[in-house]
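As structure tokens, then:
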């Protein structure tokens, strides 16, 4: 993961997110409910930071956890419930298992094992 933005381009991309965030809060382009405008502003901030990679994705993913309660969009209990869903832990466990398999080269060992034991069966 990268540290805080250092080059001019990284700083510009980092500041572009809050600029779009404030623009969406000030200017209601679609004439919708104020709460929906706040959600749109947070979405613009997150999309900008994701696309430009101004901040690491895990940090950007936590933005709603901070901004939704501060902006009175949703209580922290409701926002945090989405981060603790069982499917999130299922994916996280799968990713951790994949990283462990890759670190210890088990994928190469498994491939070698199966190719050696099935060598005569393919003829």
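In our numbering, the protein residues as written are 55 to 177. Even for Gly, the Cβ is constructed at its ideal location relative to N, Cα and C. In this text the structure is predicted, and so the values were computed from the model without any measurement.
| query | result |
| --- | --- |
| Which class does residue 91 belong to by DSSP, given the choice of helix, strand or coil? | helix |
| Among the residues of its own chain, which have a CB less than 7 angstroms from the CB of residue 126, if the five just before and after it don't count? | none |
| Who are the Cβ neighbours of residue 135 in its own chain at under 8 angstroms, not counting the five residues just before and after it? | none |
| Rounded to whole angstroms, what is the Cα-Cα separation between residue 84 and residue 130? | 27 angstroms |
| Here's a check: name, in chain order, each residue in its chain whose Cβ is nearer than 7 angstroms to the Cβ of residue 93, leaving out the five neighbours to either side. | 127 |
| With respect to the alpha helix (DSSP H) encompassing residue 127, which residues constitute its N-terminal and C-terminal limits? | Element bounds for residue 127: n/a, residue is neither H nor E. |
| If you drop the 5 nearest sequence neighbours on each side, which residues of the same chain put their C-beta closer than 6 angstroms to that of residue 70? | 102 |
| Less than 8 angstroms separating the beta-carbons of residue 96 and residue 118? | yes |
| Cα separation between residue 55 and residue 63? | For residue 55, the predicted model reports a pLDDT of 47, less than 50, meaning its position is unreliable and no value from the coordinates is stated. |
| State the DSSP-derived secondary structure class of residue 147, mapped to helix, strand or coil. | helix |
| Is it true that the CB of residue 74 sits closer than 8 angstroms to the CB of residue 98? | yes |
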